[in-house]
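Novice: Shown below is the structure under consideration.
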Amino acid sequence: MTDNGETAIASPTIYDVARVAGVSIASVSRVLNGRRNPRPETRERVLEAVAELGFVPDGAARALSARLKEVIGVVVRRPQWVDTDSMFADEDESLQFPDMINRGMEVVAQLHGFDLLVRSVELNDHDQGRRIFALARKSDGLILHDRVLEPHQLGKLSRQVPVVTLAGTPTETTVNVRGDNQAGMRELARHLIADHGYLTLGYLAGHRDSPDNVARLEAVAAEAASSGAVLVQGPQWQGRYSAAGGASAMERLIASGAELPRAIMCANDQSAIGVLHALAQHGFDVPGQVAVTGFDDIPVARHLRPPLTTVRQPIQDLGVTAFETVYSMISHEEPRGRDIVLPARVVRRQSCGCPAGTLLPVSAPAA
4 MTDNGETAIA
14 SPTIYDVARV
24 AGVSIASVSR
34 VLNGRRNPRP
44 ETRERVLEAV
54 AELGFVPDGA
64 ARALSARLKE
74 VIGVVVRRPQ
84 WVDTDSMFAD
94 EDESLQFPDM
104 INRGMEVVAQ
114 LHGFDLLVRS
124 VELNDHDQGR
134 RIFALARKSD
144 GLILHDRVLE
154 PHQLGKLSRQ
164 VPVVTLAGTP
174 TETTVNVRGD
184 NQAGMRELAR
194 HLIADHGYLT
204 LGYLAGHRDS
214 PDNVARLEAV
224 AAEAASSGAV
234 LVQGPQWQGR
244 YSAAGGASAM
254 ERLIASGAEL
264 PRAIMCANDQ
274 SAIGVLHALA
284 QHGFDVPGQV
294 AVTGFDDIPV
304 ARHLRPPLTT
314 VRQPIQDLGV
324 TAFETVYSMI
334 SHEEPRGRDI
344 VLPARVVRRQ
354 SCGCPAGTLL
364 PVSAPAA
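The numbering used here applies: residue 4 is where the sequence shown begins, and numbers increase by one.
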């Protein structure tokens, strides 16, 4: 309210101009500051919106426009180990899950007039923290795949630029975007136990420190406990989210002579590929002797032999949501939450023992 009791009308902002003109903030910035050469139609729409709204750039708006680099940095966690003699030796060049997420980011980044600057890091590289902070200096914001920084480093980084994590942990200053690991994995475990009668489950883990991996293991353990099934997991059951890791873990388990559980639930599809390969090499029938499942539903999952039962999460939407979130933070808008969860659902195929043609997701249990 004003001093005379009338309602104050907020002055239009650069964000209002972008909304009315139907362009990105970066495009408004280019027109108003003469940076690069915007398309004539874009320039006309921006100037019309400025005139319509009566927009006058203030110091803060000019400062925001001037400092935008129109670049979002993206950090991907590279596999920590790959056997150079393995058929999966080139796996770090075809990481389907992060690549698909990045494609989602790229599509929406182009709509906003931004570019992506992608870097990969190895967690056993003592210099990885410095490299990520250096990337931040070249970017307006950062999107981090998985847990690539310790919490204290993440807090420090978020004071430098807006930060969104994928498959991380939300903090007071960062936003995390993830699929619904608990609901998806618990429903898959319920399907294996209740629908197929499998009473021994093995969980092939991803990265030990990955929040997604921890949540998926907790979901399987909870369902196994409530259903009276036996869960096998531990140091020998580490697949590290990779086909090479999945194959290596399975080779060691088979060589040990230990009896395999009736169903092996992999932390992601990539490691399930390795498990299927190792089982086939040793003559195991899938799903006749051992059922195998994954998580993610990457495109190749439906083409494996047998086609892979998995938990589908909207992979490219994870990238779109991550970019839109960091973009809103750059624009000083409040994110819609600190922990943004996208739905996940079970997709039944033959690797769990379902008959061919069973492609529909498992229905949620009645309330």
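The C-beta atom is built at its ideal place from N, Cα and C for all residues, glycine as well.
All of these numbers come straight from a predicted model, not from anything done at the bench.
#1: To the nearest angstrom, how far is it from the Cα of LEU269 to the Cα of THR313?
#2: Taking the straight line between their C-alpha atoms, what separation do you get for ARG351 and ARG255?
#3: For the stretch 314 to 369, list the beta strand (DSSP E) runs that are entirely contained and at least 3 residues long, ordered along the chain.
#4: Is there contact here, the stretch 148 to 161 with the stretch 232 to 241, by at least three beta-carbon pairs under 8 Å?
#5: Going by CA-CA distance only, name the one from GLY356, LEU263, MET332, LEU207 that's closest to ARG3.
#6: Thinking LEU311 and GLY297 are a contact (beta carbons under 8 Å), I'd like their distance in whole angstroms, please.
#7: Determine the extent of the alpha helix (DSSP H) in which SER230 is found, giving its start and end residues.
#8: Give me the DSSP bridge partner(s) of GLN241.
#9: If we count Cβ pairs, one from each stretch, closer than 8 Å, do we get three or more for the stretch 173 to 191 versus the stretch 209 to 224?
#10: Between VAL49 and the rest of its own chain, which residues show a CB-CB distance below 6 Å, the 5 nearest in sequence each way excluded?
#11: DSSP has VAL79 in a bridge; who is on the other side?
#12: Evaluate ASP212 with the Cβ neighbour count: other Cβ atoms within 10 Å of its Cβ, from every protein chain shown; 16 or more gives buried, anything less gives exposed.
#13: Which of the three DSSP states is assigned to THR176 in this structure?
#14: Could you spell out where the beta strand (DSSP E) holding ILE267 opens and where it closes?
#15: Check whether the stretch 160 to 168 and the stretch 124 to 142 touch, using three or more Cβ-Cβ pairs below 8 Å as the test.
#16: Consult DSSP for THR45 and reduce its assignment to one of helix, strand or coil.
#17: Please return the same chain residues whose Cβ sits closer than 8 Å to the Cβ of VAL289, not counting the five positions on each side in sequence.
#18: Grab me the residues of ALA186's own chain with a C-beta within less than 7 Å of its C-beta, minus the 5 sequence neighbours each way, in chain order.
#19: Do you know whose CA, among HIS129, ARG265, VAL167, lies nearest GLY322's CA?
#20: Please tell me whether GLY340 has its Cβ less than 8 Å away from any Cβ of chain C.
#21: Check for me: the alpha helix (DSSP H) holding ILE104 runs from which residue to which?
#22: Tell me which residue opens and which closes the beta strand (DSSP E) that GLY2 is part of.
#23: How long is the line joining the alpha carbons of VAL124 and GLY57, rounded to whole angstroms?
#24: Give, in chain order, every unbroken run of the alpha helix (DSSP H) that is at least 4 residues long and sits entirely within the stretch 260 to 315.
#25: Considering Cα atoms alone, identify which of GLY182, ARG150, ARG106 is closest to VAL374.
#26: From GLN273, ILE318, SER334, pick the residue whose C-alpha is nearest to that of ALA304; which is it?
Specialist: On the basis of the data shown:
#1: At residue 269 the sequence reads Cys, which differs from the Leu that was named. Answer to the nearest angstrom: the Cα atoms are 9 Å apart.
#2: 28 Å
#3: 342 to 345, 348 to 350
#4: no
#5: Not covered by the structure: residue 3. The range shown for the chain is 4 to 370.
#6: 5 Å
#7: 214 to 230
#8: ALA208
#9: yes
#10: ALA24, VAL31, VAL34
#11: SER123
#12: exposed
#13: coil
#14: 266 to 269
#15: yes
#16: helix
#17: LEU279, LEU282, ALA283, VAL295, PRO309, SER354
#18: ALA347
#19: VAL167
#20: Going by chain labels, chain C is absent from the structure shown, which holds only one protein chain.
#21: 99 to 114
#22: What the structure shows of the chain is the stretch from 4 to 370, and residue 2 is not part of that stretch, so it cannot be assessed.
#23: 47 Å
#24: 272 to 284
#25: In the structure as shown, the chain begins at 4 and stops at 370. Residue 374 is therefore absent and cannot be evaluated.
#26: GLN273
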